[in-house]
Amino acid sequence: MSARVQIDALEGFISPADDLGQLKLVDAAAVLNLAQEINKIDTQAQGKRKLTIILATGGTLAMRSSPDGVRTPALDVGFLIEKLPPELHDHFMVQGLQLFNVDSAQMSYQHSRELAIVMTYLYRHIRIPFTGFLVMHGTDTMSYGAAAMSLMMGQGLPFSIVYTGAQRPIEEPLSDAPTNIRNALYTLESLYLREMAEVLIVMGDRAMLATSSEKVDDASVNAFAAPRHQYVAQFTRMDYPVQLATWLKPRRSMPFEPTIIPGDYGHTLVIKSTLGYDPTLVERQVAIDTVRAVVLYSYGAGTVHERLLSATMKAASLRDIPVFIVNPVHSGYRVEYLSNQKAIEAGAIPLDMTLSATLAKIEIALRLHGHHRQLLADFMTESYVGEVPSHDSRFVR
């Protein structure tokens, strides 16, 4: 896609948000068929089982290993549902759809966009109550995709979405997939019973806000952590229904108006402050016309080398684009050093959220407030869907 098209993509959002005509990767006919089949469900045959919709996208969970040990996505959603333990089938009525089957490292905003369109369409056309959507997703980009989903779905989200995956394919010995799927299903049920609507990640013994998550391990069952927030649930307790954090709020009574971003690529340049980073590189990178915002990924204390800061602010000022600072150690942003103070005085905007949430939120902010710097700054620094921790939700070390 050309740079010109990317710039034009900033003009708005997908409208209507349930337009299946926008689908390129997903079979629109399969989405229509799923909605029709669900609406035909005999409630007597369903009994007390909770209806849950699984949307499969690939990832390690659905992979098989070749003779030389290389894993590739191979298993479809029907096979994955059949692998569920009998007791889950006794408690849940699961309907599934294979959207695509890819290694999540190869995903782009197009995959998240089409997933959002499908969920919006199904919610608006299914007439039978259901607990929400379980998204089977690879772990490499799960934080990015799930955070983008939460922010695109917005404050009026009327249903819950839980992302899960696995560190080992479901067919392999000691796979964590069955446990993760089980915990995800019961978490959706608990959210539904408590009339909540959230986008979460469930992996290992933890559930967390999608916008608070970061991948921290590629071998342990606890692949993700939420360094800024408390966990939404921890499955070591074995409570039923799943006990959710008391700081979660009930579903908002606001219109459901998703802001689904078009285009495949973002418009943010991420500059990681490192020892010896050449500031002249920044000047050339910021000058690229598709760059509409800059994130300085700082050192642990939110500090940045002064020459790097100066070069970034100068180049951004020439193009009138915003500069944000994200602290990778998640302790918030406190002005304790001269470097912090100089960054604020130069006009950089500190953010108290993860990088994955920041990147998705910037895409929405640019489309809503791109020409109004103060409105854009206010939108980025205030909590929209829980990405900025509150007094109650913040993880205190």
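Numbering of the sequence shown is given in numbering that gives the first Met the number 0, commencing with residue 0 and proceeding in unit increments. Glycine included, C-beta positions come from ideal geometry on N, C-alpha and C.
For residue i, the three-state DSSP class (helix, strand or coil)
i      : result
LEU350 : strand
ALA104 : helix
THR163 : strand
ARG291 : coil
TYR120 : helix
HIS88  : helix
ARG251 : coil
ALA2   : At ALA2 the pLDDT is 34, less than 50, meaning the model places this residue with poor confidence and gives no usable figure here.
ILE180 : helix
MET237 : coil
PHE132 : strand
ILE13  : coil
PRO72  : strand
ILE361 : helix
ALA310 : helix
THR59  : helix
GLU256 : coil
PHE394 : coil
Closer than 8 Å to chain C by CB, residue i
i     : result
ALA44 : The displayed structure is made up of one protein chain only, and chain C is not part of it.
Proximity winner among the options, relative to residue i (alpha-carbon distances)
i      : options                        : result
TYR230 : SER219, LEU247, MET207, VAL220 : MET207
LEU148 : ARG393, THR258, GLY57          : Checking the displayed sequence, the identity of residue 148 turns out to be Met instead of Leu. Selected option, being the one with the closest Cα: THR258.
ALA145 : ILE127, HIS110, ILE169, THR273 : HIS110
THR245 : LEU60, GLU256, HIS228          : HIS228
VAL387 : ASP217, ALA310, MET106, SER211 : SER211
ASP41  : GLY57, ALA55, MET92, ILE53     : MET92
ASP217 : ALA55, THR302, THR59, ALA34    : THR59
Anticipated Cβ contact below 8 Å, residue i with residue j, distance rounded
i      : j      : result
THR130 : LYS49  : 5 Å
PRO240 : LEU192 : 6 Å
THR178 : VAL161 : Not confirmed; about 14 Å, so no contact.
MET135 : LEU79  : 7 Å
Cα-Cα separation between residue i and residue j, rounded to whole angstroms
i      : j      : result
ALA29  : ALA359 : 28 Å
GLU444 : ALA364 : Residue 444 lies beyond the range of the chain shown here (0 to 396); nothing can be said about it.
GLU86  : MET237 : 16 Å
ILE13  : MET379 : 21 Å
GLU213 : LEU156 : 22 Å
LEU295 : LEU367 : 22 Å
THR119 : ARG112 : 11 Å
MET0   : THR289 : At MET0 the pLDDT is 33, less than 50, meaning the model places this residue with poor confidence and gives no usable figure here.
ASN100 : GLU171 : 18 Å
HIS402 : LEU133 : The question about residue 402 has no answer here: the residues shown for the chain are numbered 0 through 396.
ASP392 : ARG205 : The question names Asp, yet the displayed sequence has Ser at residue 392. So the two alpha carbons sit approximately 15 Å from each other.
LEU274 : GLY299 : 13 Å
ILE361 : THR71  : 32 Å
GLU188 : ILE200 : 14 Å
LEU74  : ALA314 : 48 Å
ILE270 : ASP277 : 11 Å
LEU114 : ILE180 : 19 Å
ILE279 : SER355 : Going by the sequence as given, residue 279 is Thr instead of Ile. Spanning the two alpha carbons is a distance of roughly 26 Å.
SER103 : ALA222 : 15 Å
ILE127 : MET202 : 28 Å
GLY20  : ARG306 : 48 Å
ASP67  : PHE323 : 44 Å
PHE394 : LEU31  : 42 Å
SER65  : ILE169 : 15 Å
Residues near residue i in its chain [Cβ-Cβ closer than 8 Å; skip 5 each side]
i      : result
GLN154 : ARG251, MET253, TYR383, VAL384
LEU308 : LEU295, SER338, LYS341, ALA342, ALA345, ALA347
GLU36  : GLN94
GLY11  : PRO261, ARG366
PRO84  : PRO177, ARG181
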